[in-house]
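S.K.: One structure coming up, written as structure tokens, with questions to follow.
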Amino acid sequence: MIGHLLSAADLDRDDATLVLDTAAQMAAVSGREVKKLPTLRGRTVVNLFYEDSTRTRISFEAAAKRLSADVINFGAKGSSVSKGESLKDTALTLQAMGADAVVIRHPASGAPHRLAAWVAGSVVNAGDGTHEHPTQALLDAYTMRSRLGRVDGLRVAIVGDVLHSRVARSNVLLLATLGAQVTLVAPPTLLPVGVDAWPSEVAYELDPVLGKADVVMMLRVQRERMNQSFFPSAREYSRRYGLDGRRMALLPEHAIVMHPGPMNRGMEITPQVADSARSTIVEQVTNGVSVRMAVLYLLLSGGTKEAFREG
Amino acid sequence: MASGLPAHLDASRSDGADARTVLDAGALARTVDRIAHQIIEKTDGAADTVLLGIPTRGTPLARRLAARIEAFTGVAVPVGVLDVTLYRDDLRLRGARALERTDLPDSGIDGLNVVLVDDVLYSGRTVRAALDAISDLGRPRAVQLAVLVDRGHRELPIRADYVGKNIPTAASENVKVQLAETDGADAVVLTQGGTR
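Protein sequences appear in the order of chains A and B.
So the first sequence is numbered by the working numbering: it starts at 1305 and just counts up by one.
So the second sequence is numbered by the working numbering: it starts at 921 and just counts up by one.
See the structure below:
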């Protein structure tokens, strides 16, 4: 009965649509005076965060609490991990405490897959290294659908540091499943090996792509993962791949600007764009809670959907 | 299919068919009319009253009741939809399901008479979930329950204020309410070998 959400590729079109539809109903709860449902009462959700995170951890915590689950937050700092405890031993500890779900963020790609084999509960990947971040992709798809009415057939440009971005990878997989056409825009040094095999197109120039984009998703330049020089200078990157007022004017009237956060204002996006009416950045945070409520509900209430048994 | 059933239940299927129609379209319409009249009588002309249908079939039933009440009194009763899935106590047993949209009328429910509408009253667990859901949504003056069919076998201390038809059943039987809006035609059918 137990399933996991490890990769956006685990979801077929029906599963992904079910998550988005469920999230839409969960969103209605967030507008009520009593923002709480008894659905997961007595269940325990552990947030296992080996990497810094503000919005994702808080978002999962809020989602679990709104469904009445008990939440245990576990940060690598200040825990036995700093004494050298392995992921497996931590997993067995959580197992012994009876965690029904483990939400894990880890700097190593693939850590959630390993964890899924060690614990009896559901594992939700909240970002693993440069690999995947499936709930971010789901909340992005949800935001596109709620702003533009559909995902199928949308033209989505994902711009920036694709190489280090788990957000980009999960989005490409999920958006392809949902029928959107994705174009990755980045300097060649910031595209991963094997990007030709992804269900997306690649462009090296931003301006020509903007004219026919329905969605522009700006990625954060991940300085903490930059161990070599991928571009000559921040200013040059900003000029070629940053979204400023001039570029925003090239977009079609209805197009939206997205960013998974946290933003480097002035680097990949100017404050003028980030705070404009086209920007969905704050909405994405709100939608994140609804989408994560949907995922926890579908995984933890004894779900029978095939994809949620993966792993 | 009927193996293992007590003899008297087998005997009740006189024509040997698996399905028996308990209410046909005409009888169902008359039953809805009667419930509408009872609601009008008990709520003082349907004043300050809101109908909340429980999906799937409580929703069209609530709309029909509202239409009949309006035809009889001229009072347009607000109709809403109350999905109780997230309040159910059997999610762990039966698994996650797709949610329906909960849609409250603009009037809200605070201080009003709320009439819950469902097709079949059985264990009472759906109604229990609905009562919990209502208390999270507001504070009605009173909550009443209208069902098309009461088939018995209550597992909780819950009863209906308006009952279309009492149908004594065995737990092995299944009562199916079919409505034109959801099933193409109106009927209430009793079948054998129901699984719940």
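By construction, the Cβ of each residue, glycine as well, lies at the ideal position given by its N, Cα and C atoms.
Taking Cβ-Cβ distances shorter than 7 Å, what residues in chain B pair up with A:Ala1332?
M.R.: Within chain B, the C-beta atoms nearer than 7 Å to that of A:Ala1332 come from Thr1022, in chain order.
S.K.: Taking B:Arg973 as the query, report the chain A residues whose CB atoms sit under 7 Å from its CB, ordered along the chain.
M.R.: Arg is not the amino acid found at residue 973 of chain B; the sequence shown has Gly there. Here the premise fails: no neighbours, minimum Cβ distance about 16 Å.
S.K.: Taking CB distances under 9 Å as the criterion, tell me whether A:Leu1371 reaches chain B.
M.R.: yes
S.K.: In whole angstroms, what is the alpha-carbon distance linking A:Gly1457 and A:Tyr1446?
M.R.: 15 Å
S.K.: I'd like to know whether the C-beta of B:Ala1016 is nearer than 9 Å to at least one C-beta of chain A.
M.R.: yes
S.K.: So, helix, strand or coil for A:Val1455, using DSSP?
M.R.: coil
S.K.: Report, in whole angstroms, the separation of the C-beta atoms of A:His1410 and A:Asp1393, which I expect to be a contact under 8 Å.
M.R.: Wrong, their Cβ atoms sit about 15 Å apart, outside the cutoff.
S.K.: Leaving aside the five residues before and after A:Asp1548 along the sequence, list all residues of the same chain whose C-beta is less than 6 Å from its C-beta, in chain order.
M.R.: Thr1574
S.K.: Per the DSSP calculation, B:Lys1085 is bridged to which residue(s)?
M.R.: B:Val1069
S.K.: Using C-beta distances below 8 Å, list every residue in its chain close to B:Arg954, excluding the 5 sequence neighbours before and after it, in chain order.
M.R.: Gly1084
S.K.: Which residue spans inside the stretch 1386-1472 of chain A form an unbroken alpha helix (DSSP H) run of at least 4?
M.R.: Those alpha helix (DSSP H) runs which fall completely within the stretch 1386-1472 of chain A and span 4+ residues are 1391-1401, 1415-1422 and 1438-1452.
S.K.: Closer than 8 Å is the cut-off here; do at least three beta carbon pairs connect the stretch 1006-1013 of chain B with the stretch 940-949 of chain B?
M.R.: By the C-beta criterion, the stretch 1006-1013 of chain B is judged not to be in contact with the stretch 940-949 of chain B, since fewer than 3 inter-stretch pairs fall below 8 Å.
S.K.: Mind checking if B:Leu1006 is an interface residue toward chain A, Cβ cutoff 9 Å exclusive?
M.R.: yes
S.K.: Take every Cβ of the stretch 986-997 of chain B, pair it with every Cβ of the stretch 1057-1072 of chain B, and state whether three or more of those distances are shorter than 8 Å.
M.R.: Because the criterion of three Cβ pairs below 8 Å is not met, the stretch 986-997 of chain B and the stretch 1057-1072 of chain B do not touch.
S.K.: Which residues in chain B sit within 8 Å of A:Arg1336, going by Cβ to Cβ distance?
M.R.: Asp1056 and Leu1057
S.K.: Can you name the residues of chain A whose CB is closer than 7 Å to the CB of B:Asp1134?
M.R.: There is no way to answer for residue 1134 of chain B, as the model of chain B reaches only from 921 to 1116.
S.K.: Candidates A:Ser1413, A:Ala1461 and A:Ala1312: which alpha carbon is nearest A:Glu1258's?
M.R.: This structure leaves residue 1258 of chain A out entirely; chain A is present only between 1305 and 1615.
S.K.: DSSP three-state call for B:Asp938: helix, strand or coil?
M.R.: coil
S.K.: Alpha carbon to alpha carbon, how far is A:Leu1371 from A:Arg1449? Give it in angstroms, no decimals.
M.R.: 24 Å
S.K.: Tell me whether the beta-carbon of B:Ile1087 lies closer than 9 Å to the beta-carbon of B:Leu972.
M.R.: no
S.K.: Run the CB neighbour count on B:Arg1116, radius 10 Å, all protein chains shown included, and call it buried at 16 or more, exposed below.
M.R.: With a pLDDT of 47 at B:Arg1116, under the threshold of 50, the modelled position of that residue is not reliable, and the figure given next carries that caveat. Label assigned to B:Arg1116: exposed.
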